Structure formats: structure tokens, C-alpha cells
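In my numbering, the protein residues as written are 11 to 717. Here the structure is laid out as C-alpha cells; the discussion comes afterwards.
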């Protein structure tokens, strides 16, 4: 069943205003019973007619009200709103159901919800107000109570209705809405950028709904964020087009969401973009054109952190970030991937411009150090860029942000290796080297998967007797032709790609097997176990940092039946300060179970006397760079001091890289305990070393006394 439209009104201005049968109620009866309030206001705003119910609500007889100004009926606090509404009605705009409080003298005020209709007569515009006393909650109260603003307008764009929530957001200082919806367009903006105006085409809706999240600046200048929906529809009976806009204030929700996004995309300390967001920005920029990336970190920041403490170090990082923001040009994206590392992306195809940015970064670091810690701080910078500009060596395109950052990081490491406080650019030579490293890493992974990592063992010899006291297991891999690959090439590739830990696992397993074989060989020969050589294995920092280091080594040696007291754990001095806190307890437990602990390449790193003294070290292996020393030189003095340090700590000393008789004579004169090098024995395959050790093994007097 479809609803029938209401009967039409008068067909012409001259037609009857009231049509009824003979037994129908009179117009007066209808007027008396039409709602709680019926008031007719003449063009001069005086009351021309009023029903008994309205007069009763006002507490006066009808005759005392007729002829008075209609404004006398309004509560004083609502007069401004009433005057504004009458002005709107007289200008041709009718807004249904305004809520007005009546003036009842000393009695409690009473609010009524009114509907206004205009009557155009010869003497001017008259109004008929009809309405009802408001219930506890009317429609407007319900809508305002849930924080929803409502605005309706007709097909001409004239606003026909709005509630208080909408008026508070979009109205004037009296919460009065503008006459036309087009006047609202300029009130909306981007919620994250209020200065950027966003005008909606509110008068061109078509047949579909619109949904937006926008900012609204109210009459007081406060920004609100609203979820806004505009929906067109047609009136049921008249068929006229109209539209409704609903606004829900989501300012708090939007602020909370923005805070979460900020935390997810920015660095907590500096407010710069974090690594993930920086990569996303660079990927987007690459799609638009050439991009340069600068990757940098503060030189010797670890020392600054240890000397001044975390609070002052963080203050330096924060000031450096501010200097970067202030000094780098607009268009730069600045990020902090972590620690003391910073990254900058800039849309450029000009190599010279990229180099100039690197100098700006270096200047910013100096200013930051002087302003915070009153010292000169430096920074090393690595750069990379996509092609398309004045690249001096014809670099190929980098396909994404990850590749660009990786290349810039590689250039940064070059800047560090060549002296710090400088910029290095990722060029074709570095790109070729990186390609080789990638291929080398793939080869290492292939050897690991196939279990083809092997060891060669270089003898450690007592220079006074020529007896083999031990050896060092050296990891080896071979190329497709069976030739040994230089260790410097593949070990760096394994370290860079995180494979070095897996290499250590295979080397330790092979070393444990070798120790077990040496032990069995001596058992068969009937020689005492003290004659058995000790075998050293050089462990990486990642392996030394394993939380299960001691349990793992005990398990591997135990699986081969190898005694722990014939294993030497060699720690490169360059990583010694990094791992000492994480590995000290595990090393002490291993030492108590019989293992040896040596510092390898001693003299080239950063280990202090106190650090060596506080850890379970029993062997110092002096780096080969000091063994070539000439008498009377600085290197000879370092060599002498290293050997004296070993004696003071009751450690055995081993000199590495001994290749000539002259070097051996110098070492004997300085009192070295053991030597290792081509002069006394080249690296041997594991089985060959077993036979060599059996022929040259003697009592290991130095280490035994040191233990």
C-alpha cells in the first residue's frame, strides 16, 4: 500500500481559505485546538491572534495579549535569537522548529518548539506560529545529545533546517546558520593542514552520497575535525530535491590517531622520521624523479656516550637533529634510522648539489657539538643517488629506497675507513665491489648449505725447541676450480650478510673433530695428554654474544669426545670491548671448565690493561704488523710493551706472522713464548696437521705454567 498525498491547498490566492461542510468545526474551533500554541503576528510584529492554550501558557487572557509586541512574549535571554529568526523569516528563509522560551512573568520559564509559516498580505508579511510545549527530550535535544550536527537545504541551496550542534560549528557568534549552503564551503579545510582551504561542491551532488573527514574552524577560531556525510534525497509528497548533511565531531579521535601515526612513523627522541617511514618517503620520491640519499653518523659517538653519559649524548643527538632541520633546504626528508645514524633524502640529479648537502651536514655536526658539549664533533657521510643527472661515473639506477640506503651506508663505511670527518660517494668502483660481495655471499651460503667449509691449521711453535704447542684453525672455502678464495674477500661478505655465525658453527664442529682426533692419536701413541697441542678457533662477535655460548661449545665438543682443555677461544681485539660485557660470564665458566681464552691481533684494537686483567684471558697473540718492526722504531716499542704486558698478566705470548730469521731473533731477544707464521709452519690440512703435530709435539711448558 502506498501513502496517498494530502489534499491540495487553495488553488488560487482568491480561493477560499477554509472549506468545510455544514457540520464541520468552525475555524475558531480548529484554531483553539491546533497544538499547544498558535500565534498570528502581523507585519508590525504585534500579536494579531492567539489561541486559548497559548494564552493559558503565558498566564494571561487572550485579550490582554492581542495588540502587544510579539517580542514581549519571549524570555529576555532568547530575544537575540528570536530577532535573528524573525529577520530570516522576513527575508524568505523558513527554518522549522526553533526552540524558544516564553516569558511567563515570575513563573518558571517554558520552552516551546515552533513551526513558522509566512503569509504575504497587502500590508506586509504576517506569520503564523504553531507548536507544542517541548517534552523532556525533543528531536533537537536528542540529535545534540549524541553530538551530531544536522543541516538541510533545498534544491536552490537555501538552508531550511539545522540543529544547535551544527550551528555551533558552522554558524556565527549567535550560533545562527548562514542563509545558503554555498556560504559554508569555505569553512572546511584539510584537518592536518588548516591553512589549506578545501571547498566542497555542495550544490552539485548528483545522485550519490559524499563522505569526508574535514577540518572546520568555528567562529572562535578553534579547529574541529568532523566526519561529514552529505546525502541527497527527494521529499515524499512534493517530490522536491533536498539534501542533508550530518557532521560528527571526531576531534579527539583524530588527535589520538594522529599521535599513534606519529609514534609509528617518527623517532621518539628527535621527532624525525624513523627508518620505516623514511624508506616509504624515498620510495615514493623515486617514482617522481631522481633522488639523492645521504647516510651519516657521528664519529666516535660511542666514546662520547661513555664519557658524558646517555643524557648528554641524547642532548647532542637532539641538537644535531635541530641543526639538520634548520640548515638543510626545504624539500629534504630527514630521518633517524637509529642510534647516532641519520639519513637525508633530497630530489636532485646534480652530483655537486649532493656534495654541498654533505658539507652542510658536516657543519651542522660541528655546531651541535659546540652548543651542547663544548667540543668539536665530526660526522662521516656516505651518499648515493638515482641516475639522471651529472653523475661522474655513469652510475646505474638504484631501483628502490633499500638499495639507495644500502649504497649510501656502504659509502659511509668507506668514509669511516679512510679517516672519518669526510664524505664518500658511492661510485662505479664501489658498485662493482658490492656486486662481487653479493656473489661472494651467495658462494658462502652455497658452501654452508653443502657443508663444504673446511679448515686449515697453522702450527704454533716454541721457538726455542721447535716443538708444536698448538695451532690455529683457519676457515677456508674454494672456488669452482678448487682454488682457495682469499679469506679477506669471503669473510667480509659473510659478516655483512649475517652468515658469519653459521660459518663459526661449522668451523667449531671441524675443530672439535680435529681435537678429538689429536687426542685419540696421542692415546694410541702412549704419550701423556699434556703433550697434546691446543687448537685455537677465532670466533666472531655475533657468535661470542650468543646467550648459550658456553652450553653450545660444551655440547659440540662433547658430541665429538673432544676435551675442552685443548680448545683456545680466540677473540679479535677489535671486537673485544664490544663483547666483553655480554660474554664475560660465559668465558669465565668455560675457563673454569678448562678452556683457554686468547686475545687475537693484540695491539691494533682498543683493549686496555684493565679490560684484559678483568677477563679470563691467558694468551695474548701480538698482531703481525708489529712483528715486522725494526729495532729502535715505534713498532718495536709496542712489540716490547705487548710482551711485557703478557708477562705482567701471567699470560703466554704468541707472535703472529713470523716469516724471517731476523724477526725470530728479535722476538727471542724480547722473550716471546711462542711464534706462528710461515717461518715455523704453513697452514696444513687437518689430517696433515695431525701427523705434523705427532712428529713435533713436546711438553707445553709456557701455557701450563700460565694456567
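Each residue gets a CB set at the ideal place from its N, CA and C atoms; glycine is no exception. Predicted model only: the values in this text are computed from it and were never measured.
Are there three or more Cβ pairs, one per stretch, closer than 8 Å when the region 356-373 is compared with the region 290-302?
Contact check between the region 356-373 and the region 290-302: three or more CB pairs, one atom from each, fall below 8 Å, which counts as touching.
Measuring only the C-alpha atoms, how far is residue 165 from residue 327?
Straight through space, the alpha carbons of residue 327 and residue 165 are spaced by roughly 60 Å.
Determine the DSSP secondary structure at residue 436, reduced to helix, strand or coil.
Three-state DSSP puts residue 436 in coil, outside helix and strand.
Whose C-beta lies closer than 7 Å to the C-beta of residue 511 among residues of the same chain, with five residues either side of it excluded?
Closer than 7 Å at the Cβ level, and outside the excluded window around residue 511, lie 550, 552, 553.
Look at the alpha carbon of residue 256 and the alpha carbon of residue 113, and state the distance between them as a whole number of angstroms.
Residue 256 and residue 113: Cα-Cα distance of roughly 33 Å.
From what residue to what residue does the alpha helix (DSSP H) around residue 43 run?
First-last of the alpha helix (DSSP H) with residue 43: 37-43.
Using three-state DSSP, classify residue 99 as helix, strand or coil.
Of the three classes helix, strand and coil, the one that applies to residue 99 here is helix, per DSSP.
Start and end of the beta strand (DSSP E) containing residue 340?
Per DSSP, residue 340 belongs to no beta strand (DSSP E) and is neither H nor E.
Starting from the C-beta of residue 522, find all residues in its chain whose C-beta is less than 7 Å away, skip the five residues before and the five after it, and write them out in chain order.
Correct list, in chain order: 566, 567, 570, 572.
Threshold first: 4 residues or longer. Then list the alpha helix (DSSP H) segments lying entirely within the region 293-320, N to C.
You should have 311-318.
Within the continuous beta strand (DSSP E) that includes residue 685, where are the two ends?
Counting along the chain, the beta strand (DSSP E) containing residue 685 begins and ends at 684-686.
Residue environment, residue 221, which counts as buried when at least 16 other CB atoms sit within 10 Å
It counts as exposed.
Residue 347 to residue 287 span [Cα, whole Å]:
Taking the straight line from one Cα to the other gives about 9 Å.
I need the DSSP call for residue 393, collapsed to helix, strand or coil.
Three-state result, residue 393: strand.
For residue 611, does the three-state DSSP call read helix, strand or coil?
Collapsing the DSSP output to three states places residue 611 in a strand.
Do residue 492 and residue 706 come within 8 Å of each other at the CB atom, strictly closer than that value?
Going by C-beta atoms, residue 706 is not nearer than 8 Å to residue 492.
Below 8 Å on the Cβ atoms is my guess for residue 574 versus residue 604; work out the distance and round it to an integer in Å.
Right, their Cβ atoms sit about 5 Å apart.
C-beta contact flag for residue 628 and residue 548 at 8 Å
No, the pair does not count as a contact, with Cβ atoms beyond the cut-off.
So, does the CB of residue 131 fall closer than 8 Å to a CB anywhere in chain B?
In summary, chain B is missing from the structure at hand, where a single protein chain is found.
Which term fits residue 61, buried or exposed, when burial requires 16 or more other beta carbons within 10 angstroms of its beta carbon?
The residue is buried, with at least 16 neighbouring Cβ atoms inside 10 Å.
Among 331, 417, 434, which residue has its Cα nearest to the Cα of residue 425?
For residue 425, the closest of 331, 417, 434 by C-alpha to C-alpha distance is 434.
Please identify the residue among 95, 484, 224, 271 whose C-alpha is closest to the C-alpha of residue 171.
Of the candidates 95, 484, 224, 271, 95 places its Cα closest to the Cα of residue 171.
Quick one: using the 10 Å Cβ neighbour count with 16 as the cut-off for buried, is residue 366 buried or exposed?
With fewer than 16 other Cβ atoms from the protein chains shown falling within 10 Å of its own Cβ, residue 366 counts as exposed.
Please determine if the region 266-277 and the region 314-326 are in contact, where contact requires at least 3 C-beta pairs separated by less than 8 Å.
Judged by Cβ distances under 8 Å, the region 266-277 makes no contact with the region 314-326, as fewer than three pairs qualify.
For residue 345, name the three-state secondary structure that DSSP assigns.
Correct three-state label for residue 345: strand.
Would you kindly check if the distance between the Cβ of residue 696 and the Cβ of residue 524 is under 8 Å?
Cβ atoms of residue 524 and residue 696: closer than 8 Å.
Touching or not, the region 36-55 and the region 131-146, by the rule of three or more beta carbon pairs under 8 Å?
Between the region 36-55 and the region 131-146 there are three or more C-beta pairs closer than 8 Å, enough to call the two in contact.
If you draw a straight line from the C-alpha of residue 516 to the C-alpha of residue 544, how long is it?
Each residue's Cα considered, the two are about 19 Å apart.
What's the call for residue 234, buried or exposed, on a 16-neighbour Cβ count within 10 Å?
Residue 234 sits buried, since 16 or more C-beta atoms from the chains shown fall within 10 Å of its C-beta.
Would you mind stating whether residue 47 and residue 142 have Cβ atoms separated by less than 8 Å?
Yes. Within cutoff.
Within the continuous alpha helix (DSSP H) that includes residue 272, where are the two ends?
Note, residue 272: alpha helix (DSSP H), 261-275.
Which full runs of the alpha helix (DSSP H) of 4+ residues lie inside the region 623-694, going along the chain?
Here the runs fully enclosed are 634-637, 644-658, 671-680.
I'd like to check one pair, residue 597 with residue 564: are the Cβ atoms closer than 8 Å?
Not in contact: residue 564 and residue 597 (Cβ atoms no closer than 8 Å).
Using only the alpha-carbon positions, how far apart do residue 16 and residue 77 sit?
The predicted model places residue 16 with a pLDDT of 43, which falls under 50 and marks its position as unreliable; any figure quoted below should be read in that light. Straight across, the Cα-Cα distance linking residue 16 with residue 77 is about 35 Å.
What three-state label does DSSP hand residue 9 in the structure shown?
Residue 9 lies beyond the range of the chain shown here (11 to 717); nothing can be said about it.
Enumerate in chain order the residues of its own chain whose CB-to-CB distance from residue 449 is below 6 Å, with the five nearest sequence positions on each side excluded.
If we look at residue 449 and ignore the five residues flanking it on each side, it has no Cβ neighbours.
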